[in-house]
Amino acid sequence: MSVKRLSELQRTFNKKSGRWTVYPVKEKKTYHYIEMMMEWILEKRLEDKEGFHKKQDLEEGDPRRLAGNIALVPPPPTAELAAEKKSRFDQSS
């Protein structure tokens, strides 16, 4: 974000320190490039002969071939985990 002008400042009061401070007023974002990008992406998708929906073969060293989580053992069933769970608030246990 760019600052509009050096003379445009906003003041704010900090309750903790009890002091006033100023900071520059920033310009609102315009996003004028979004429409151009959307048109470009749509053109590329329409011109594409292959498409995205093919199954991708991963190479041997590809990091996406690793396990979906970091656990070294498979997880127990959810029902079993729920039965073992103890609550701090439940006094009957």
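The opening residue of the sequence shown carries number 26 in the working numbering; numbering runs sequentially from there.
Backbone N, C-alpha and C fix where the C-beta goes; we use that ideal spot for every residue, glycine too.
- With contacts defined as CB atoms closer than 8 Å, E33 and P49 qualify as a contacting pair.
- With contacts defined as CB atoms closer than 8 Å, R90 and L83 qualify as a contacting pair.
- When DSSP states are grouped into helix, strand and coil, K69 belongs to the helix group.
- One Cα belongs to K110, the other to A92, and the distance between them is close to 26 Å.
- Judged by DSSP secondary structure, T103 falls within the alpha helix (DSSP H) whose first and last residues are 103–109.
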